[in-house]
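Worksheet: one structure, shown below.
Residue numbers (the numbering used here): 60 to 130.
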């Protein structure tokens with residue numbers, strides 16, 4: 060699954076990005092998960108497979124399901 064360029068722009072617009080951390084097909088941003096306390100962009104979304112994970116709170120899975128759950 061390849062996430063569209065439009066969705067990439069939406070992710071960049073919606074979340075506080077960590078532009079110096081981007082690698083290849085992964086975007087990094089501050090994790091908005093309640094209680095995470097991520098201050099420098101430890102959540103990643105892989106644009107090739109649609110998976111997301113946070114290196115602080117360790118909540119991961121399908122990006123779309125995760126985003127829907129957050130509201």
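Even for Gly, the Cβ is constructed at its ideal location relative to N, Cα and C.
Residue 89 sits buried, since 16 or more C-beta atoms from the chains shown fall within 10 Å of its C-beta. Minimum Cα-Cα distance from residue 94 among the listed residues 115, 120, 119 and 105 corresponds to 115. The DSSP-derived three-state label of residue 123 is helix. With a cutoff of 8 Å on beta-carbon distance, residue 80 and residue 100 are scored as near each other.
Shown here, residue 106 sits in coil according to DSSP, grouped into three states, outside any helix or strand.
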